[in-house]
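To keep things clear, I will list the structure first and then write my remarks on it.
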Amino acid sequence: MNTKTTVISQAELDRQFACCDKIAAYWKERGVTPKAYVETYGCQQNEADSEKLRGYLAQCGYAICQEAEGADVVILNTCAIREHAEQRVFGNLGALTHTKRRHPAQKIFLCGCMAGETKVSDRVRGSFPHVDGVFSTHHLWQFPEILWNVLSGKRRQFFITDEPGSIAEGIPQVRDSRRKAWVSIMYGCNNFCTYCIVPYVRGRERSRKFEDILAECRCLIENGAKEITLLGQNVNSYGKDLPEGKDFSDLLAAIAQLPGDFLIRFMTSHPKDASEKLFDTMAKYPKIAKQLHLPFQSGSSRVLKAMNRHYDRETYLQKVNYAKAVMPELVLTSDV
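Using this note's numbering, the letters of the sequence shown map in sequence onto residues 3 to 338.
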């Protein structure tokens, strides 16, 4: 696995926007307002990724619709965490043969975490010939190029190579709500829990720049956002790969001091990185919701060690007890 973080240059993003212009011109020449449907499976990070896909589609001239039937572009943004979700995706991919039969020009894409699995791309390549493209999370920023390649008659597109983790700023977004907003602060995971596929499909941890996150939050607040949820596979690891020396608690404090009437939430936290500094910061600022999702996964230290979770039962309880001591009103949720 390539562990180097790549910052996508403005020149590379401009190339994607040029593809957006080509696609918009393609449809304008035909006198058609095309429609696109994006179906999202899984976590909040996928929801945030789908907002970027819809942003790109809007820039390409597409109107977003609510069903695959009659759509010119269909995107399934997938989750690889649960087997049931994967089987549902394959079932829905099969059902799309019927919509494509009725609308032969329809373009169908599979993306998200499932798309990063070789076994999935191989299955799509061999058993789902009606699917026009597959691209992993590392290649989301290249979606306009992928779509243009398909529209201009090139063969099926498979962007699934083991690319280094990337950070791409400036991708347009069509958000589901003006009042609530997802803000990705980091991507990937370095923990390699025994049972988890996330590091393999999302890549290693890489943090967005402190100033870029603050600027995005400031813009959202100025445009009416009342609830901002900070996202990452492990938000508590934020900043470890940056030279500034600022951590997640520093980021929370900086956002909480922005002017405006709003509430900050975040997910997901890993117990091994949940610090007293984090809990003290949560307690100090009224704009930070007194809610914490802290998965314990098992009450057995032996099982936790086998899971490669990097903490034991006693450590988890100590952290929770401290958090409750400084925030008596804390709402604690977890995964088992």
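Where a beta carbon is used, it is the ideal one built from N, C-alpha and C, also for glycine.
Within the same chain, show all residues whose beta-carbon is closer than 7 Å to that of residue i, passing over the 5 residues directly before and after it, in chain order.
i           : result
residue 246 : 212
residue 301 : 315
residue 110 : 76, 98, 102, 132, 133, 134
residue 119 : 82, 203
Just how far apart, CA to CA, sit residue i and residue j?
i           : j           : result
residue 180 : residue 64  : 20 Å
residue 148 : residue 171 : 19 Å
residue 382 : residue 272 : The requested residue 382 does not occur in the structure, where the chain is confined to residues 3 to 338.
residue 330 : residue 284 : 12 Å
residue 17  : residue 252 : 35 Å
residue 389 : residue 128 : Here the chain covers residues 3 to 338 and nothing more, so residue 389 does not appear.
residue 198 : residue 31  : 47 Å
residue 13  : residue 96  : 38 Å
residue 201 : residue 33  : 44 Å
residue 152 : residue 94  : 21 Å
residue 332 : residue 195 : 27 Å
residue 26  : residue 309 : 49 Å
residue 87  : residue 43  : 7 Å
residue 317 : residue 243 : 25 Å
residue 319 : residue 282 : 17 Å
residue 124 : residue 117 : 10 Å
What does a CB cutoff of less than 8 Å around residue i pick up in its chain, not counting 5 residues either side in sequence?
i          : result
residue 66 : 37, 38, 39, 40, 56, 59, 60, 176
Quick test of your reading: residue i and residue j, contact by CB under 8 Å. State the CB separation rounded to the nearest angstrom.
i           : j           : result
residue 257 : residue 294 : Between residue 294 and residue 257 the Cβ distance is about 17 Å, and since that is not below 8 Å, they are no contact.
residue 204 : residue 139 : 6 Å
residue 137 : residue 113 : 5 Å
residue 322 : residue 334 : 7 Å
residue 263 : residue 286 : With 8 Å as the limit, residue 263 and residue 286 do not qualify as a contact, their Cβ atoms being about 18 Å apart.
residue 107 : residue 233 : Between residue 233 and residue 107 the Cβ distance is about 35 Å, and since that is not below 8 Å, they are no contact.
residue 210 : residue 167 : Not confirmed; about 12 Å, so no contact.
residue 105 : residue 72  : 6 Å
residue 1   : residue 150 : One cannot answer for residue 1 here, as it falls past the ends of the chain, which runs 3 to 338.
Taking 6 Å as the limit between beta carbons, can you name the residues of its chain near residue i, skipping five residues before and five after?
i           : result
residue 231 : 184, 267
residue 141 : 161
residue 269 : 295
residue 226 : 180
residue 54  : 173, 175
residue 52  : 40, 42, 79
| Residue ranges of each alpha helix (DSSP H) run of no fewer than 4 residues wholly in the region 154-215, ordered along the chain? | 200-204
| said: So within the region 220-264, which uninterrupted beta strand (DSSP E) runs reach at least 3 residues, ignoring any that extend past its ends? | reply: 229-233
| query | Fully enclosed by the region 102-163, which alpha helix (DSSP H) runs are 4 residues long or longer? | reply | 120-129, 145-153
| message | Which runs of the alpha helix (DSSP H) at least 4 residues long sit entirely within the region 285-311? Give them in chain order. | response | 303-308
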